[in-house]
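Residue numbers (the numbering used here): 868 to 1074.
We put the beta carbon where it would ideally sit given N, CA and C, even for glycine.
Computed from a prediction, not measured in an experiment: that's the story for all the values here.
To keep things clear, I will list the structure first and then write my remarks on it.
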Ligand code: AMP
């Protein structure tokens, strides 16, 4: 089953995608994680993406579409996958139509005020992609899953968070309509507790 996780930054796409992928043994394809790894390794794509990411802007469509096209061609995607953070613009969604058949689009719906609180307290592991909130870390600075040092993403700083939310409303929110018209959209209240959201996602994926 090929699934898209839609929703604003901080809605819980990454956390839930990781859980669902572990449960179903399918890959989580996070374009944000791919770009952050490329930045860390200073690859040509990483260097190109850096200024956009740090300003809270979207990386150009053609760069991201090439990344996704290559990734979806790999063997581990043959039995399904979750796209986490792609597509984010209508041109990306249109390009995806020519690359893959999407079965379900899960839209995690969360109010802006809650997103701001979540993102500005978020800490992430660049090694395994796990995310935490400072309010639950009790001063811990290492990843509970892999032991790597946790960081605050530059784009989780207060002013960049607002820019990312604007970008979401202007460029990504139109995809809700796009997929509603296709009949694949399932909206889930992302303010519920994590286990309820997880069960709701599994239920809509089972149809
Ligand atoms: P994320 O981890 O999904 O919040 O992505 C972090 C940043 O990577 C975004 O703010 C964008 O700058 C960039 N990015 C990730 N996915 C995409 C995409 N599908 N299109 C354009 N830029 C992206």
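Which residues bound the alpha helix (DSSP H) around residue i?
i: residue 998; result: Note, residue 998: premise wrong, no alpha helix (DSSP H); beta strand (DSSP E) at 998 to 1000.
i: residue 957; result: 957 to 964
i: residue 871; result: Element bounds for residue 871: not the alpha helix (DSSP H) but the beta strand (DSSP E), 869 to 873.
i: residue 911; result: 911 to 921
Relative to the alpha-carbon of residue i, which residue among the options has its alpha-carbon at the smallest distance?
i: residue 1021; options: 995, 945, 906, 957; result: 906
i: residue 961; options: 887, 932, 1018, 1003; result: 932
i: residue 1061; options: 1011, 881, 1001; result: 881
i: residue 941; options: 967, 916, 919; result: 967
i: residue 892; options: 899, 1029, 949, 871; result: 949
i: residue 981; options: 1069, 1056, 1072; result: 1056
What residue does the beta strand (DSSP E) around residue i start on, and which one ends it?
i: residue 904; result: Segment 898 to 907 is the alpha helix (DSSP H) holding residue 904; no beta strand (DSSP E) there.
i: residue 972; result: 971 to 976
i: residue 1031; result: First-last for residue 1031: 1025 to 1034, but that is the alpha helix (DSSP H), not the beta strand (DSSP E).
i: residue 1052; result: 1052 to 1056
i: residue 951; result: 948 to 951
Please return the same chain residues whose Cβ sits closer than 6 Å to the Cβ of residue i, not counting the five positions on each side in sequence.
i: residue 1025; result: 987
i: residue 1106; result: Nothing can be reported for residue 1106, as the shown portion of the chain is limited to 868 through 1074.
i: residue 970; result: 868, 869
Under 7 Å between C-beta atoms, does residue i make it to chain B?
i: residue 894; result: The chain inventory of the structure shown lacks chain B, comprising one protein chain alone.
Could you tell me which residues DSSP puts in a beta bridge with residue i?
i: residue 1018; result: 991
i: residue 986; result: DSSP, once it has assigned bridges, lists no residue as partnering residue 986.
For residue i, which residues from the same chain have a beta carbon less than 8 Å from its beta carbon, with the 5 sequence-adjacent residues on both sides left out?
i: residue 884; result: 872, 895, 897, 949, 951
i: residue 939; result: 896, 948, 966, 967
i: residue 919; result: 925, 926, 927
So, at 7 Å on beta carbons, what are the nonlocal neighbours of residue i in its own chain, with the 5 sequence-adjacent residues on each side left out?
i: residue 1008; result: 1016, 1017
Am I right that residue i and residue j are in contact with their C-beta atoms under 8 Å? What's the rounded C-beta distance?
i: residue 1029; j: residue 875; result: Between residue 875 and residue 1029 the Cβ distance is about 12 Å, and since that is not below 8 Å, they are no contact.
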